[in-house]
Amino acid sequence: GDHAVRQGRLGDSAFLVASGLYSCQVDGREVRQFAPWSAFGEVTLCARFTERVHACLPQGTSMERLEEAIRNCRTRQADVVCIEPGEIYEVPCEVITAAFDISPRIFENIFQKVQERFLETIAF
Numbered sequence: 001g002d003h004a005v006r007q008g009r010l011g012d013s014a015f016l017v018a019s020g021l022y023s024c025q026v027d028g029r030e031v032r033q034f035a036p037w038s039a040f041g042e043v044t045l046c047a048r049f050t051e052r053v054h055a056c057l058p059q060g061t062s063m064e065r066l067e068e069a070i071r072n073c074r075t076r077q078a079d080v081v082c083i084e085p086g087e088i089y090e091v092p093c094e095v096i097t098a099a100f101d102i103s104p105r106i107f108e109n110i111f112q113k114v115q116e117r118f119l120e121t122i123a124f
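Mind the numbering: the sequence shown is residues 1 to 124 in full-length UniProt numbering, read in order.
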């Protein structure tokens, strides 16, 4: 199928699945699927907001270790491939940054939903 994102490329947007089914593949192995109302690409975006991420993590998390770990997350950590035709919406970093500036609570709410995937990706 067509690639929505490619592993190893720089990322500066997140995606929302409106319809269809998408396979998330790390090194060619499927690790999850995204159905309608799912989002992906948020790990790369979270990596742009180190201080905000640190504030959302458990107390005592080392800022140094966090910075080192998320440097690697500025590139896409997986391929996302369409397996059932559908539609996705791309949300550019600038839009998300503007929303975070208006209300820091937006970041906290989004990060709460993706924290498990983010921590799995930076694996420290």
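Glycine included, each C-beta is placed from N, C-alpha and C at the ideal position.
- Boundaries of the alpha helix (DSSP H) around Phe-100: 93-102.
- With 16 or more other Cβ atoms inside 10 Å of its own Cβ, Ala-78 counts as buried.
- Residue range 63-71 is occupied by the alpha helix (DSSP H) that includes Arg-71.
- Exclusion of the five residues before and after Val-17 leaves Phe-34, Pro-36, Ser-38 and Ile-88 as the residues of its chain whose Cβ lies within less than 6 Å of its Cβ.
- Fewer than three beta-carbon pairs drawn from the region 3-17 and the region 57-72 are found closer than 8 Å, and the two stretches are therefore not classed as touching.
- Using a Cβ-Cβ distance cut-off of 8 Å, the region 53-67 and the region 20-29 are not in contact, since fewer than three pairs of beta carbons, one from each stretch, lie closer than that value.
- Taking the Cα of Asp-2 as reference, the smallest distance to any Cα among Gly-41, Pro-85, His-54 and Val-53 is reached at Pro-85.
- Between Asp-12 and Cys-93 the beta-carbon gap is near 4 Å, inside 8 Å, which marks them as a contact.
- Distances from the alpha-carbon of Arg-65 to those of Leu-10, Ile-106, Val-91 and Ala-47 put Ala-47 closest.
- For Leu-16, the enclosing beta strand (DSSP E) stretches over residues 13-26.
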